[in-house]
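Structure record follows, encoded as structure tokens.
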Amino acid sequence: MSFRYRVATVFGGSGFIGRHLIKRLAKTGTVIRVATRHPSTANFLRMNGAVGQIIPIATNINDDASVAAAVQGADIVINLIGILYESGSNTFQGTQADAPGRIARAAKAAGARRFVQISAIGADANSASAYARTKAAGEQAVLEAFPEATILRPSIVFGPEDGFFNRFAAMARIFPALPLIGGGHTRFQPVYVGDVADAVMRALELPEAQGKTYELGGPRVYTFRRLMELVLAETRRKRFLVPISWSMAELQGRILGKLPKPMLTADQVELLKSDNVVQPGAATIQDLGIDPTAAEVIIPTYLDRFRVGGRYSQRAGGYTA
0 MSFRYRVATV FGGSGFIGRH LIKRLAKTGT VIRVATRHPS TANFLRMNGA
50 VGQIIPIATN INDDASVAAA VQGADIVINL IGILYESGSN TFQGTQADAP
100 GRIARAAKAA GARRFVQISA IGADANSASA YARTKAAGEQ AVLEAFPEAT
150 ILRPSIVFGP EDGFFNRFAA MARIFPALPL IGGGHTRFQP VYVGDVADAV
200 MRALELPEAQ GKTYELGGPR VYTFRRLMEL VLAETRRKRF LVPISWSMAE
250 LQGRILGKLP KPMLTADQVE LLKSDNVVQP GAATIQDLGI DPTAAEVIIP
300 TYLDRFRVGG RYSQRAGGYT A
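For the record, in the sequence shown the residue sitting at position 228 is 227 according to numbering that gives the first Met the number 0, with numbers rising by one throughout.
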């Protein structure tokens, strides 16, 4: 595959989406800088390219000079950084609102030709959720600094290393029931991580993608209840699905949110009150020339490790305790 870009800087490249994107970028021959707080944690990415092609570099996204150094000489800049909950100095405001603007300003000053910002479906400046508000603020800051930037808003992203299906499959292995927050009626449109990585690549290639926002969803819409049923079917476990009222979920979120790695926060409960699906009239993943992959095709390839007896168990279908 030929590619007209020579140098790319990817912020958050060692994360879930990043590891899939780096593989694709490396095949184009592009030199890739992986901007991260801890370069040693990104060394595994080097194996995806030729010697010296993929270079982890220490970067502080809260420091103008550090960000400027990371993007110096880059043709393209991609920001994948995001958090699901606040922890210590990692705040929604700093990570999802301030940092994207800082990165975009530095990219524009460095002469980068393309910028891709990963946001999220539901980004809304008026949302009651701090996550959604700061995602929207990050988009605005990016477009103010780099009007030609492409914004990609995925729904829940799934794949072998995801934090959604894996989390609930792990819970089903331990607990007798799974929670249906708000009754489990919230709708989602899960999108495969490989399709999201392909969408980034297409956004870099297509001239018409400049300055546009795309909402990335899979081919099917599911309720939260249906997603939990999929988890149980793939792990071959029988568990109760227990509806949890919004008020009870908010209380649980406030309590669990105090843990170092919370399973649920009050802000996440607020997010769950709104459907997480592609909005009518939005530009979509299909507009980028990608036919999205259904969750049922991919999740059996990695949730089977949660089955009783493990991935290679000969236990035939049906549910177990």
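Virtual Cβ for every residue (Gly too), placed ideally from N, Cα, C.
Out of G216, F239 and G28, which has the shortest C-alpha to C-alpha gap to A293?
Answer by Cα proximity: G216.
Tell me the DSSP secondary structure of V277 in three-state form.
Coil.
Proximal residues to G17 (C-beta, below 7 angstroms), its chain only, five neighbours per side dropped:
If we look at G17 and ignore the five residues flanking it on each side, its Cβ neighbours are V9, G11 and L79.
Sequence-distant residues of its chain with Cβ nearer than 8 angstroms to R238 (five each side left out)
Closer than 8 angstroms at Cβ, skipping near neighbours: A171, F174, P175, A176, L177 and L231.
Could you check which residue in R112, Q251 and F164 has the C-alpha nearest to that of P206?
Ranking the options by Cα distance to P206, first place goes to R112.
E85, DSSP secondary structure in three states:
Of the three classes helix, strand and coil, the one that applies to E85 here is coil, per DSSP.
Y191, DSSP secondary structure in three states
Note: Y191 maps to strand in three-state DSSP.
Is it the case that the Cβ atoms of I289 and A198 are separated by a distance below 7 angstroms?
Yes, these two residues count as a Cβ contact at 7 angstroms.
How is F336 classed by DSSP in three states: helix, strand or coil?
The chain is shown from 0 up to 320; residue 336 falls before or after that span and cannot be answered.
Helix, strand or coil: which one does DSSP assign to H19?
In this structure, H19 counts as helix in the three-state DSSP scheme.
Give me, in chain order, the residues of the same chain whose beta-carbon lies closer than 6 angstroms to that of P159; leave out the 5 immediate sequence neighbours on both sides.
Closer than 6 angstroms at the Cβ level, and outside the excluded window around P159, lie Y301.
Whole-angstrom Cβ separation of A119 and P146, contact assumed at under 8 angstroms?
Wrong, their Cβ atoms sit about 21 angstroms apart, outside the cutoff.
Secondary structure at A73, three-state DSSP: helix, strand or coil?
In the three-state reduction of the DSSP assignment, A73 falls in the coil class, being assigned neither a helical nor a strand state.
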